[in-house]
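Reviewing the structure listed below.
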Amino acid sequence: MFAPSLGNLGSPTFPPEHSKIVVYAAQIRNAIVAEMYEPDAYKGKTCSIRIYLQPDGSVNSATAKEGDAKLCKAAISAITRAKIPAAPDNETYQRVKNAALDFRL
């Protein structure tokens, strides 16, 4: 299954006081996953992408940092189509506005 992660935001060691951030990170992930076509075509591939978000969830840009070129292209395409929700508050936005996404299939 396709599973992008947002750095350590999905980690069980992430401090529990930041649960809103973890929930929002999951919302971002789910929005992107919903737009990813044919994830099985990229099995065994990885890609790291940096996204730059606005507080309303719109994506300013997404840049591939490293990984499989075809997966990175597909992931960036999914990111641009994704309907990412607005950040619930400024603290959450500040933590994820320049998020690193790691795609591992």
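Read in the working numbering, the sequence shown has 145 at position 95, and its numbers run on one by one without any break. The beta-carbon is built from N, C-alpha and C at its ideal position, and this holds for glycine as well.
| Item | Value |
| --- | --- |
| Secondary structure of L121, DSSP reduced to three states | helix |
| Span of the beta strand (DSSP E), counted from its first residue to its last, around S98 | 96 to 103 |
| K115 - DSSP class collapsed to helix/strand/coil | strand |
| Short CB-CB distance (under 7 Å) between A91 and chain C | Chain labels in this structure do not include chain C; a single protein chain is all it has. |
| Touching by the beta-carbon criterion (3+ pairs, under 8 Å), the segment 136 to 150 and the segment 116 to 126 | no |
| Cβ-Cβ distance between G112 and I134 below 7 Å | Looking at the sequence itself, residue 112 is Ala, so the reference to Gly does not match. Cβ atoms of A112 and I134: not closer than 7 Å. |
| Euclidean distance between Cα positions of A125 and R100 | 11 Å |
| C-alpha gap between R154 and E141, whole angstroms | 28 Å |
| Three-way DSSP call (helix, strand, coil) for A132 in this model | coil |
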